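A.B. asks:
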Amino acid sequence: MAMSPKNIMGKLDTALEQDNVINSYLDKIEKKTNVKKRYIVIGLGGFIGLWLASGYLASFICNLIGFLYPAYKSVKAIESVNKDDDTAWLMYWVVFATFSVAEFFSDILLSWFPFYFLGKCIFLLWCMAPVSWNGSNTLYNKFIRPFILRNESKIDNVLSNVTKGAKDLVDQATKDAHSSFVDTAADMASEAVKEGLKKDE
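Each residue of the sequence shown is one higher than the last, beginning at 1 in UniProt numbering.
(1) Using a 10 Å radius around the Cβ and a threshold of 16 neighbouring Cβ atoms, would you call VAL95 buried or exposed?
(2) Using three-state DSSP, classify ASP27 as helix, strand or coil.
(3) So, using beta-carbon positions, are GLY49 and LEU118 closer together than 8 Å?
(4) Could you name each continuous alpha helix (DSSP H) segment of 4 residues or more that falls completely within the stretch 100-184, going from the start of the chain to the end?
(5) Can you tell me whether VAL193 is helix, strand or coil according to DSSP?
(6) Using only CA atoms, which one of THR98, VAL101, GLU79 and LYS73 lies nearest to ALA88?
(7) So ALA77 and ASP86 are supposed to be a Cβ contact under 8 Å. How far apart are they, rounded?
(8) Which residue comes first and which comes last in the alpha helix (DSSP H) that contains LYS76?
(9) For MET1, name the three-state secondary structure that DSSP assigns.
(10) Could you tell me whether the stretch 119-137 touches the stretch 155-170, using the rule of 3 or more Cβ pairs below 8 Å?
(11) Could you check the C-alpha separation between HIS178 and ALA186 for me, to the nearest Å?
(12) Using the Cβ count rule (16 or more neighbours within 10 Å means buried), how would you classify PRO70?
(13) Please state whether the Cβ-Cβ distance between ILE29 and ILE22 is less than 8 Å.
(14) For MET9, count neighbouring C-beta atoms within 10 Å of its own C-beta (all shown protein chains included) and say buried if the count is 16 or more, exposed if not.
(15) What did DSSP end up calling PHE32 once you bin it into helix, strand or coil?
(16) Starting from LYS37, follow the alpha helix (DSSP H) in both directions and report where the run begins and ends.
(17) Tell whether a beta-carbon distance below 8 Å holds between TYR92 and SER136.
(18) Grouping DSSP H, G and I as helix and E and B as strand, with all else coil, what is LYS83?
(19) Ignore the nearest five residues each way along the sequence and tell me which others in TYR140's own chain have a CB closer than 7 Å to its CB.
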């Protein structure tokens with residue numbers, strides 16, 4: 001069911017009445033400018049949208065939007081008793097990571113498209129939207145989860161081999177460093193003894 005503009009404005013007004021740091025700043029701005037909070041937020045959203053479409057640092061701003069709010073909500077979810085929100089934010093981070101890896105390989109081509117960062121930001125906002133049909137839920141359940149379940153044993157084997165290889169490499173490097181340190185310390189001690197004997201003669 002599509003949301004009407006009236007419903008969206010009602011939800012925005014409800015969100016702007018909650019007691020939090022951002023709304024306290026918006027209250028101060030509203031009192032000084034005599035402009036309603038809803039119009040300040042809409043104007044700021046429009047400005048950010050235009051900036052993402054054509055502005056400098058659009059990639060940075062888009063990634064900031066896709067990271068800051070979800071990171072804050074994830075911390076709140078971890079600290080809450082309810083575990084349903086943990087699952088929702090874990091799905092967001094899985095989708096975010098998958099998108100980031102895919103974007104790494106296609107960024108050279110995609111960044112040349114006009115409005116790419118605006119589209120990316122809209123995509124990330126859809127992924128974090130507080131609705132049951134948000135992007136994280138949809139993409140995770142339709143694509144990522146089935147892929148992982150189909151290939152779970154293969155992925156586990158690869159990860160196990162990589163982990164074992166990395167552990168062996170670290171163990172060997174530690175052993176070599178320890179051996180080198182002992183040899184260097186022995187050489188320095190030997191040189192110090194020789195120097196001491198020369199002084200005594």
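Even for Gly, the Cβ is constructed at its ideal location relative to N, Cα and C.
Because the structure is a prediction, the values reported are computed rather than measured.
C.D. replies: Reading off the structure:
(1) buried
(2) helix
(3) Yes.
(4) 116-128 and 135-139
(5) Collapsing the DSSP output to three states places VAL193 in a helix.
(6) Nearest C-alpha to ALA88: LYS73.
(7) 5 Å
(8) 58-79
(9) Note on MET1: pLDDT 47, under 50, position unreliable in the model; the coordinate value appears next. Three-state DSSP puts MET1 in coil, outside helix and strand.
(10) no
(11) Counting only the Cα atoms, ALA186 lies some 12 Å from HIS178.
(12) buried
(13) Going by C-beta atoms, ILE29 is not nearer than 8 Å to ILE22.
(14) Exposure of MET9 is indicated by the presence of fewer than 16 other C-beta atoms within 10 angstroms of its C-beta.
(15) The sequence given here places Lys at residue 32; Phe does not occur at that position. Of the three classes helix, strand and coil, the one that applies to LYS32 here is helix, per DSSP.
(16) 37-54
(17) yes
(18) coil
(19) MET91, VAL94 and VAL95
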